[in-house]
Structure formats: structure tokens, C-alpha cells
Amino acid sequence: MHNNFIKHFLVILIIFSNHSFGKEFEELFTIYVPIENSSKIESSINKSFNNLVFRISGSKSPSNIWKIINSGSSRKDFIQSYSIKNINMSSYLEVNFDQELVINKFKELSIPIVGYSRPVIFFLINIESGSDEPYYVSQESNNEIDSLIIETLAELSNERGLFLELPILDLDDQRFISNNDILSSPKEHLISKYDFDEFVDVKLTNLGLNQWLFSGDIKEDILAENYLEDIKKAFANHIESKIQSIYKNLIVDTSKTILLDVTIEGINSYEEYEISKDKLSKIIAISNLEILNLNNNTISYQISVMGNFDTFKNTIENNTFFEIMAENSNKSLNLRFVK
Numbered sequence: 019m020h021n022n023f024i025k026h027f028l029v030i031l032i033i034f035s036n037h038s039f040g041k042e043f044e045e046l047f048t049i050y051v052p053i054e055n056s057s058k059i060e061s062s063i064n065k066s067f068n069n070l071v072f073r074i075s076g077s078k079s080p081s082n083i084w085k086i087i088n089s090g091s092s093r094k095d096f097i098q099s100y101s102i103k104n105i106n107m108s109s110y111l112e113v114n115f116d117q118e119l120v121i122n123k124f125k126e127l128s129i130p131i132v133g134y135s136r137p138v139i140f141f142l143i144n145i146e147s148g149s150d151e152p153y154y155v156s157q158e159s160n161n162e163i164d165s166l167i168i169e170t171l172a173e174l175s176n177e178r179g180l181f182l183e184l185p186i187l188d189l190d191d192q193r194f195i196s197n198n199d200i201l202s203s204p205k206e207h208l209i210s211k212y213d214f215d216e217f218v219d220v221k222l223t224n225l226g227l228n229q230w231l232f233s234g235d236i237k238e239d240i241l242a243e244n245y246l247e248d249i250k251k252a253f254a255n256h257i258e259s260k261i262q263s264i265y266k267n268l269i270v271d272t273s274k275t276i277l278l279d280v281t282i283e284g285i286n287s288y289e290e291y292e293i294s295k296d297k298l299s300k301i302i303a304i305s306n307l308e309i310l311n312l313n314n315n316t317i318s319y320q321i322s323v324m325g326n327f328d329t330f331k332n333t334i335e336n337n338t339f340f341e342i343m344a345e346n347s348n349k350s351l352n353l354r355f356v357k
């Protein structure tokens, strides 16, 4: 059942990441958890709420969950709807949480947040098994090691709310990789095809019976009968440290609020105005939005922003719909709407 969900989540992940190269995590407030039967709804709801807090806070610390519970709120208070879904012949509880209620509670308790704009980490993982030719793990891979890597990436993507991507190798890629006469390296070729915020370059080599070696960005010797578990642990620990490092620049301090003047250029129609306003409203750090002026293709806003100027600027830089044109003394930003 769990593997079916991994496949389902990977499909969602590929669709979103191809649409805007993985910048907006559209289902940020929707959690899917496996469920055996309707008698397990209570525990599944609890698990879904815990996962939501990990996603929104950017931290796996359980202290944020207990802050919310100890404030007098129950996990169910934040649910908008839930239903049992059948995905690939298995049952999952889909839980939709109320964004406004969740964010207000985070503000009340000064719990940091990370918004919809989420980073993309791109992985190139070269496998030398000793029995086959060296190859790069892709979404189409099928053997035991590949499945372990793919499932680990999908689990962490779902839990932490960001994009952990592998290459999708087409026939041209496969021909390029297998052609030893080409001067450009396969790594450079694959990297050039993708947009991402962080790159992880890993080689996993089989040194003998139950013995594997991580090299590159992960350095770890694996020597155990249960080597698959140790490979997964080393891989997941590296990803988790990478996520924590990236989220440091995206975490918004909900205990602080500032006023900013924001000008947006490139609004050429009412439809573009509606789209740009919707995208602004998706930025969770913005708590209030007031139009000051409309002039030709430019709109001026005064906005209330949680956190500080730098974290808001980082949020904009990680958003594919707005480009920073200029800034002034940490009090104003001039943006361009990107179609």
C-alpha cells in the first residue's frame, strides 16, 4: 500500500515541478496518509496534522506540535474536510486543513512558517553495482537500490513539502551517457537540462558482499547484512541536513510584522491583475494587502509582512511569478510580474 502512494506522489511531484520548475508546493495544506480501514481515522488524522506542522514550520521538532495542543486546540480544530481516497487500489486519508486557522495559530504562538515557495533539490546518483554497467538513477529505474532511493525522496518530499528531483532520462540522454567519445560529461549534460536551487552529486559503489561506499556529497561506508536500511539512513540524513540548511533562509518569524511599499510592473489586463493578486495572496508571509495606486500597467500596494525585509525578499526570489527590479532602504520593493 505504501509503495502505491509513493508512485502516486511522484506523479504529482513531476506534474508540479514541470509546470513551474517546482517552486510552488500547491497542496501545502493537504496531507495524504495511508489508512487500513475506517477505524483508523483518528490516528491517521493525528499523523496528518503532525506532518502538516512539519511542513509549515520547516522543522521536524515535535515541540511545535505540543505548543499547539497545549494552547487548548485539538488537531481536528484545523481540519476543513477529510475523505478516504482509493489510489492504485489502496486506501488513503486525504485531509484538507484550513490555511487561515493554521496560520493564525502559528502567529498566536510565534511558531515560524515557510510559505508555498519551496526549493528544488536535484539529485544525480551514479550507481556502480559491479554486476551491471554504471548508470544514473532516474524516475524509470526499477531495481532494489533504485526503488529505495526513489521511495526515500518521495517520502521526504511529501513530509517536508519541497521538491526532491531525479532526472527523467529520454533516449537522447541514454545515448549521450553511453557514448564515451563525447567530450562533454554526462553530468554536465544532465545538469544543463534542469532548473534547481540545490544540486546533490552522489556515487554509490558496491565493494563486495553487503558492502557499499557513498562518495561525492555523501561520504559513508556501508558494511552490514541489512545494508539497504543503512543506505536509506545515510541518504535520508544527508537530505534532512540539506533541507534544514535551505529552510533557514526561508523561515518567517511570525512574531514580527513590518509595512512595505510594493510596486508591481507588467500588469497589462484585468486578468493579469487577478492572477498577480492571487499569487501575492499565496505568499503566506503577507498578512494584509492594500492597493495604493493604479497607473497604466503598474500597481502600488502597501502590505503587512510577517518577519523581516530579508526573509520576504528571499520569498520573492524563490517565487517564479515575480522578479525583483529594485529595492530601497529595506522599506520598498519594485517588482515585475512574470507571465
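Start counting at 1 in the sequence shown, then tack on 18, and there's your number in our numbering. All C-beta atoms, glycine included, are put in the ideal place defined by N, C-alpha and C. None of these values were measured; they are calculated from a predicted model.
Could you compute how far the alpha carbon of T333 sits from the alpha carbon of L353?
As a working mapping, residue 333 is identified with position 315 in the sequence shown. As a working mapping, residue 353 is identified with position 335 in the sequence shown. Between T333 and L353, the C-alpha separation is close to 13 Å.
At 3 residues or longer, and completely inside the stretch 259-288: list those beta strand (DSSP E) runs for me, N to C.
275-283
Between I186, F232, R193 and L277, which has its C-alpha nearest K349's C-alpha?
Taking the sequence shown and counting its residues from 1, the one referred to as residue 349 is at position 331. Taking only the C-alpha atoms, the option nearest K349 is L277.
In chain order, which continuous runs of the beta strand (DSSP E) of length 3 or greater are located wholly inside the stretch 148-231?
181-183 and 216-226
Would the stretch 120-131 count as touching the stretch 87-102 if we require 3 or more Cβ pairs under 8 Å?
Contact between the stretch 120-131 and the stretch 87-102 is present: three or more C-beta pairs spanning the two stretches fall below 8 Å.
Is the stretch 158-165 in contact with the stretch 203-217, if contact means three or more CB pairs nearer than 8 Å?
The stretch 158-165 vs the stretch 203-217: no contact.
Which of helix, strand or coil does DSSP assign to A252?
Translated into positions along the sequence shown, residue 252 becomes position 234. Three-state DSSP puts A252 in a helix.
Helix, strand or coil for D116 per DSSP?
Position 98 of the sequence shown, counted from the first residue, corresponds to residue 116. The answer is coil: DSSP assigns D116 none of H, G, I, E or B.
Compare the Cα-Cα distances from I240 to each of I249, S233 and I167 and report the closest residue.
Within the sequence shown, numbered from 1, the residue matching residue 240 stands at position 222. Among I249, S233 and I167, the Cα nearest to that of I240 is on I249.
If we ignore side chains and look at the alpha-carbon of each, how far apart do N197 and E45 end up?
For this step, residue 197 is matched to residue 179 along the sequence shown. For this step, residue 45 is matched to residue 27 along the sequence shown. Computed Cα separation, rounded: 41 Å.
Nearest candidate by alpha-carbon position, reference I53, set F47, N64 and F43:
Residue 53 sits at position 35 when you count from the first residue of the sequence shown. Selected option, being the one with the closest Cα: N64.
Three-state secondary structure (DSSP) of V71
Within the sequence shown, residue 71 is the residue found at index 53, counting from 1. Helix.
Residues bridged to D239 [DSSP beta-bridge criterion]
Indexing the sequence shown from 1 puts residue 239 at position 221. In DSSP, D239 forms a bridge with L231.
On the three-state DSSP scale, how would you describe L46?
For this step, residue 46 is matched to residue 28 along the sequence shown. In the structure shown, L46 sits in coil (DSSP, three-state: anything other than H, G, I, E or B).
Endpoints, alpha helix (DSSP H) assigned at S81:
By one-based count along the sequence shown, residue 81 stands at place 63. Run containing S81: S81 to N88, per the alpha helix (DSSP H) assignment.
Short Cβ contact (8 Å threshold) for K85 with L127
Taking the sequence shown and counting its residues from 1, one reaches residue 85 at position 67. Taking the sequence shown and counting its residues from 1, one reaches residue 127 at position 109. For K85 and L127, yes; Cβs fall inside 8 Å.
Strand pairing of F141, partner residues [DSSP]:
Start at 1 with the first residue of the sequence shown, and residue 141 comes out as number 123. Its beta-bridge partners are V218.
Might you give, ordered along the chain, the residues of its own chain that have their beta carbon closer than 6 Å to the beta carbon of D219, omitting 5 neighbours on each side?
The residue labelled residue 219 in the question sits at position 201 within the sequence shown. L142, G234 and D235.
Roughly how many whole angstroms lie between the Cα atoms of M107 and E173?
Here residue 107 refers to the residue found at position 89 when the sequence shown is read from its first residue. Here residue 173 refers to the residue found at position 155 when the sequence shown is read from its first residue. Going by the C-alpha atoms only, they are around 19 Å apart.
What first and last residue would you give for the alpha helix (DSSP H) that runs through I102?
One-based indexing of the sequence shown puts residue 102 at position 84. It is not in any alpha helix (DSSP H) - I102 instead sits in the beta strand (DSSP E) that spans I97 to I105.
Proximity to D213 [Cα-Cα], best of N336, R73 and E345
By one-based count along the sequence shown, residue 213 stands at place 195. Closest option to D213, Cα to Cα, is N336.
Can you find the residues in the same chain that come closer than 6 Å, C-beta to C-beta, to F340, ignoring five residues on each side of it along the sequence?
In the sequence shown, residue 340 corresponds to position 322, counting from 1. So the list reads I334 and L353, once near-sequence residues are dropped.
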